[in-house]
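**Q**
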Amino acid sequence: MRALVEGFKAGLTSRKFWRVASVWLICLLYVLFQGGKTSLMLFMMVSVLCFYWVIGGFGGVKRITGSRTLSLSGERGGLLQAGDQVVVKLQLQLPAFLPLPYIVVKETLRRHNGDSWMFEDSIVPYFSSRSELVYKTPPLERGKYAFAGTNCSAEDIFGLMEHTSVFQTGGEFRILPRTVFIPHWELYSRNSRLAGPETAVALSRRESTQINGVRDYVYGDRISRIHWSATAKTGTWKSKEFEHESLPKMVLVLDAHTSGYYRASQFELAVSTAASLLEFGARERISMGLCTLGKSLRYFPPAESYLERQQMLHHLVDIDADGFGNYKDRLEAKPDLFQPGAFFILISPLADDKVLAMLRLAKSRQMIPYHIQIGEEAVAAGASNSYQAVKRSAWQATLQERGLRGIYVTSLHELPAAMGGAKL
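Numbering of the sequence shown is given in our numbering, commencing with residue 6 and proceeding in unit increments.
1) Report the residue from Leu97, Phe285, Glu289, Trp29 whose alpha carbon sits nearest the alpha carbon of Pro130.
2) Quick check: the Cα distance between Lys254 and Lys339, rounded to an integer number of angstroms?
3) Exposed or buried, which one is Leu420 when buried takes at least 16 other CB atoms within 10 Å?
4) On the CB-based measure, 16 or more other CB atoms within 10 Å of its CB, does Pro144 come out buried or exposed?
5) Taking 6 angstroms as the limit between beta carbons, can you name the residues of its chain near Ala326, skipping five residues before and five after?
6) With a Cβ-Cβ cutoff of 8 angstroms, do Leu95 and Leu138 count as a contact?
7) Would you mind stating whether Leu336 and Ala279 have Cβ atoms separated by less than 8 angstroms?
8) Using the DSSP secondary-structure output, state which residues sit across from Ala308 in a beta bridge.
9) Check whether the Cβ atoms of Tyr150 and Arg115 sit closer than 8 angstroms, and answer yes or no.
10) Go ahead and label Trp190 buried or exposed: buried means 16 or more other beta carbons lie within 10 angstroms of its beta carbon, across all protein chains shown.
11) Taking Lys359 as part of the alpha helix (DSSP H), name the residues at either end of that continuous run.
12) To which residues of the same chain is Val156 closer than 7 angstroms at the C-beta, ignoring the five residues directly before and after it?
13) Under 8 angstroms between the Cβ atoms of Lys245 and Thr236?
14) Would you mind working out which of Asp120, Val91, Asp341 sits nearest Asp323, comparing C-alpha positions?
15) CA-CA distance, Ser281 and Ala275?
16) One question on the structure: do Ala308 and Gly330 come within less than 8 angstroms of each other, judged by their Cβ atoms?
17) Distance check for Gly41 and Leu30, CA to CA, integer angstroms please.
18) Does the distance from the CB of Leu351 to the CB of Ile377 come in under 8 angstroms?
19) With a Cβ-Cβ cutoff of 8 angstroms, do Ala402 and Ile412 count as a contact?
20) Alpha carbon to alpha carbon, what distance is there between Leu361 and Cys296?
21) What number of angstroms, rounded off, separates the C-alpha of Ser301 from the C-alpha of Val256?
22) Rounded to the nearest angstrom, how far is the Cβ of Gln90 from that of Thr142, given a contact under 8 angstroms?
23) Do you know offhand how far Phe343's Cα is from Glu177's?
24) Is it the case that the Cβ atoms of Arg68 and Thr174 are separated by a distance below 8 angstroms?
25) Can you grab the Cα-Cα spacing for the pair Leu37 / Ser44, in whole Å?
26) Going by C-alpha to C-alpha distance, which of Ser416, Val223, Cys32, Val185 sits closest to Thr241?
27) Quick one: is Tyr375 buried, meaning 16 or more other Cβ sit within 10 Å of its Cβ, or exposed?
28) Sorted by chain position, which residues of the same chain lie with C-beta nearer than 6 angstroms to Tyr107's C-beta, five sequence neighbours on each side aside?
29) Three-state secondary structure (DSSP) at His418?
30) Kindly indicate which residue of Leu105, Gln371, Phe124 has the alpha-carbon position closest to the one of Asp161.
31) Answer with buried or exposed for Met166, where buried requires no fewer than 16 other C-beta atoms within 10 angstroms of its C-beta.
32) Which value, in whole angstroms, describes the spacing of the CA atoms of His319 and Phe349?
33) With a threshold of 8 angstroms on Cβ separation, who are the neighbours of Val25 within its own chain once the five nearest residues in sequence on each side are excluded?
34) When the distance is taken between beta carbons, is Phe152 closer than 8 angstroms to Thr113?
35) Tell whether a beta-carbon distance below 8 angstroms holds between Ser158 and Val92.
36) Would you kindly work out how many angstroms separate the C-alpha atoms of Arg314 and Arg230, rounded to a whole number?
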C-alpha cells in the first residue's frame, strides 16, 4: 500500500500524467457539453485506455520486487582477487497479473572511486510470477563494489506510456589486490639473524637445538624429548624445552602520495607489491605490519594472526593515492612504527632525497631499511634498455654508498625475480 501511495505521489509530478489527465478531462467536457454517441464512445475509449495505464503502472511495474545472489567463486575460498569476475543472479518477483509486453531491467554497479558499470536486459512476463536474470561482470580491479537500485521500466502495448520503478536489494563485495607468489627473498634470508634483541618470538615457530629449560610432560611428546635426570629427581615426567627460532619483525611502508605517481597503473603495482609481501609473510610466518602514507596515516603493528593480516589486506582494497605533506615529518609523528631490529620496507616510486631521508631515519632508529622502487612499465617499454639500466644502476649505487639496499620493479611479474636477487 505504501508503494502505491508513493507511486501515486510520483505520478502527480509527472508531465505524462497531466497530459493523460488533460485528455481525459477534455473528453469528459466534450461529453457533458456536446453529448451524442460519438463523444460518449470517445470518452469510454479514453477512460478504458487510462484505466489500463493505471493498472500497468501502479498494479504492475511498481509491485516488482527481487533478490540478488552473487557467486564469489574466487581462488581464495570465496575471496575475489583483481581480475576475477562475479556471476550475478537477479530473481524478480512479478505480480500475478502484469498487462505489459516486456520489462527492461537495468543494474548499476558502482566502485568506491566513482567508476560504474551498467547492465541491461529485458524479460517477457509469462504466466509464471518469477523471472531470473543471470549475467557476468567484466574482470574487476581491486576495490569495494556495491549495486545501486534496480531499475525496471516497461511500455504499454501501444508504446504511448512508460512505467518505471526502482527497488533496493543487497549486493556488496570486495576485490582484493592482485598478487604474485614470492618463493624466496634474498634480503630476509641474509639478514634474518641480524635483527638484534627486539625480535618477535612465537611458540608456533620451529624449535632450535638449544635447550632453554625443563617443562612438564605433555601427552604426545617424543621419547627423545624426555629429560630423564629431571624426571628421576622430581618423580614426575619432565620434557626438554627448546628455544624457538626468532625472526625479525617487518614493517611495510606504502607511499600513497599524489605527487609520486604519474599513472594509476603505477600505484596499482605498489599496492600489489605490498599485498604480495603480506602473503609472503603469512607463508613464512613473519610478524609483519603495514603503514600507508595516504591522506591519513594508517598503521597496523606487526602481527602474525590471520585476522590482523586480513585487516591489512582489506585496508589495501580501497586505498587511493591521495596523500600529501612531508614524508619524514609524517613518519616521525608515529613513533610506534620504529621498532629496533625490524625491517623497514619502503615501497615508493621516488628515487630522491625524500626517500634517502626516510631510509636514514629508519636506520637511525636501529631498523634495517630497504627500498622497493616502483617504476613505470609503459615508460620502460618506450625508453631504451640502456637508459633504464643506467637509471637503475645510478640509484642502486647511491643506496650502496650510504649502506642501503633496494630493488627496482616495473611490473608485478618482475617482483619474484627481484626479491630473489636475480638480475633484471
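Glycine included, each C-beta is placed from N, C-alpha and C at the ideal position.
**A** From the atom records:
1) Leu97
2) 17 angstroms
3) buried
4) exposed
5) Ala261, Thr263, Tyr266, Phe272
6) yes
7) no
8) Met293
9) yes
10) buried
11) 358-369
12) It is worth fixing the name first, because residue 156 is Asn in this sequence and not Val. Only Lys111, Thr169, Val171 meet the Cβ criterion.
13) Contact flag unset, no.
14) Asp120
15) 10 angstroms
16) no
17) Each residue's alpha carbon lies about 17 angstroms from the other.
18) Yes, they are a contact pair.
19) No.
20) If you take the alpha carbons of Cys296 and Leu361, they lie about 18 angstroms apart.
21) For the pair Ser301 and Val256, the Cα-to-Cα distance works out to about 17 angstroms.
22) That pair is a contact at about 5 angstroms.
23) 37 angstroms
24) no
25) If you take the alpha carbons of Leu37 and Ser44, they lie about 9 angstroms apart.
26) The candidate whose alpha carbon is nearest that of Thr241 is Val223.
27) Tyr375 should be labelled buried.
28) Ser127, Val129
29) helix
30) Leu105
31) Its Cβ being crowded by 16 or more others within 10 Å, Met166 is buried.
32) 21 angstroms
33) The beta carbon of Val25 sits closer than 8 angstroms to those of Cys55, Trp58, Met166, all from its chain and outside the five residues before and after it, given in chain order.
34) yes
35) Going by C-beta atoms, Ser158 is not nearer than 8 angstroms to Val92.
36) Arg314 and Arg230 have their C-alpha atoms some 34 angstroms from each other.
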